[in-house]
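All remarks here apply to the structure that follows.
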Ligand SMILES: Cc1cc2nc3c(=O)[nH]c(=O)nc-3n(C[C@H](O)[C@H](O)[C@H](O)COP(=O)(O)OP(=O)(O)OC[C@H]3O[C@@H](n4cnc5c(N)ncnc54)[C@H](O)[C@@H]3O)c2cc1C
């Protein structure tokens, strides 16, 4: 049976930071993660990065759809503007 000096539950930001700090001090450390989908924790899997990606993509989509609508309006008004000029 393997023996450890420290056992960390959760391979998130906190767990991996603590594991690295303990490892540097020569403390034999094990990290336990309950989910195979959560290596790295909340931030990289479902928190910070995925949510920011969604926010930026939504902002880009909004910008593009505004430009398309504006173009359509310009094309609709063009014949009337030509008549006036
Ligand atoms: C939507 C969202 C957006 C965020 N955006 C930002 C941001 O922009 N900037 C920022 O700094 N922070 C952000 N955060 C906060 C950031 O994600 C957390 O501060 C950070 O993940 C906390 O790290 P942690 O190690 O304490 O917990 P977590 O990263 O949640 O890690 C805990 C880990 O423990 C595991 N675990 C839980 N119970 C057990 C168990 N019984 N046995 C084994 N494993 C277990 C979990 O599966 C998980 O992998 C955001 C959070 C969310 C939800």
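In the working numbering, the protein residues as written are 4 to 88.
Ideal Cβ placement from N, Cα and C applies to all residues, glycine included.
What is the DSSP secondary structure of residue 71, reduced to helix, strand or coil? helix
In or out: residue 34 buried (at least 16 other Cβ within 10 Å) or exposed? buried
Answer with buried or exposed for residue 44, where buried requires no fewer than 16 other C-beta atoms within 10 angstroms of its C-beta. buried
Taking 7 Å as the cut-off, is the beta-carbon of residue 45 closer than that to any non-hydrogen atom of ligand 1? yes
When you compare the CB positions of residue 22 and residue 11, do they come within less than 8 Å of one another, or not? yes
Specify the secondary structure class of residue 40 as computed by DSSP and reduced to three states. coil
So the beta strand (DSSP E) residue 10 belongs to, where does it begin and stop? 9-12
Along the chain, where does the beta strand (DSSP E) containing residue 35 start, and where does it finish? 32-35
Alpha-carbon to alpha-carbon, residue 15 and residue 47: 9 Å
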